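Peer 1:
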Amino acid sequence: MSIPVGAETAAVSVIWLIIAYFFHTLGELCVSPVGLSYVSKLAPVRLIGLMFGFWLLSSAVANFLGGVTGSYIDLINDYFGIAAFFLLFAMIPIVAGIVMFLINKILVKKMHGIK
Numbered sequence: 185m186s187i188p189v190g191a192e193t194a195a196v197s198v199i200w201l202i203i204a205y206f207f208h209t210l211g212e213l214c215v216s217p218v219g220l221s222y223v224s225k226l227a228p229v230r231l232i233g234l235m236f237g238f239w240l241l242s243s244a245v246a247n248f249l250g251g252v253t254g255s256y257i258d259l260i261n262d263y264f265g266i267a268a269f270f271l272l273f274a275m276i277p278i279v280a281g282i283v284m285f286l287i288n289k290i291l292v293k294k295m296h297g298i299k
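The sequence shown stops at residue 299 when you use this note's numbering, and every number in between is there.
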């Protein structure tokens, strides 16, 4: 996909790009320290390095899958419209949040009192 074609497909105001970067950065600043802290608390001592590696690997896989999903913008736009493409990126985190909320008690029990 060339830049002019992409600009016609997904023309949005630059303010949305700035807002998106702001919230992505804010989310990373909130999630990363907490996640790494829990990894260090919950992992067995001899596996802490490996668990940190899995934490970072999961971030890399998520970035890769985001790129793969983003590559379908033309296909989704042709069949459903650009709003459906952005709705996809809104619904995935909402569903993930609901799943995490539902399994929260199970996860807390498995932590054996570690806070």
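Ideal Cβ positions, reconstructed from N, Cα and C, are used throughout, including at glycine.
Nothing here was measured: the structure is a model prediction, and the numbers come from that model.
Starting from Val196 and walking both ways along the alpha helix (DSSP H), at which residues does that stretch end?
Peer 2: Sequence index remark: in the sequence shown, residue 196 carries index 12 (1-based). Neither: Val196 is in no alpha helix (DSSP H) and is coded neither H nor E.
Peer 1: Distance, Cα to Cα, Leu241 vs Leu226?
Peer 2: Position 57 of the sequence shown, counted from the start, is the residue given in the question as residue 241. Position 42 of the sequence shown, counted from the start, is the residue given in the question as residue 226. Their Cα atoms are separated by approximately 18 Å.
Peer 1: Go ahead and pull the three-state DSSP assignment for Pro228.
Peer 2: The residue you call residue 228 lines up with position 44 of the sequence shown. If DSSP states are grouped into helix, strand and coil, Pro228 belongs with coil.
Peer 1: In three-state terms, what does DSSP make of Ser242?
Peer 2: Here residue 242 refers to the residue found at position 58 of the sequence shown. Reduced to three states, the DSSP call for Ser242 is helix.
Peer 1: With DSSP as the reference, label His296 as helix, strand or coil.
Peer 2: For this step, residue 296 is matched to residue 112 along the sequence shown. His296 falls in the coil class under three-state DSSP.
Peer 1: Look at the alpha carbon of Ser146 and the alpha carbon of Leu291, and state the distance between them as a whole number of angstroms.
Peer 2: It is not possible to answer for residue 146, since the shown part of the chain is limited to 185 through 299.
Peer 1: Can you tell me whether Phe269 is buried or exposed, with buried defined as 16 or more other CB within 10 angstroms of its CB?
Peer 2: Counted from its first residue, the sequence shown places residue 269 at position 85. So Phe269 ends up on the buried side.
Peer 1: Specify, as a first and last residue, the run of the alpha helix (DSSP H) that Phe264 falls within.
Peer 2: Within the sequence shown, residue 264 is the residue found at index 80, counting from 1. That residue, Phe264, is in no alpha helix (DSSP H); it is neither H nor E in DSSP.
Peer 1: Our contact map puts Phe236 next to Val223 with C-beta atoms below 8 Å; I'd like the distance itself, whole angstroms only.
Peer 2: Counting from one through the sequence shown, the residue named residue 236 turns up at place 52. Counting from one through the sequence shown, the residue named residue 223 turns up at place 39. Rounded, the Cβ-Cβ distance is 6 Å, consistent with contact.
Peer 1: Check Ile287 in the structure and name its three-state DSSP category.
Peer 2: For the purposes of this step, residue 287 is identified with residue 103 of the sequence shown, where counting begins at 1. In the structure shown, Ile287 sits in coil (DSSP, three-state: anything other than H, G, I, E or B).
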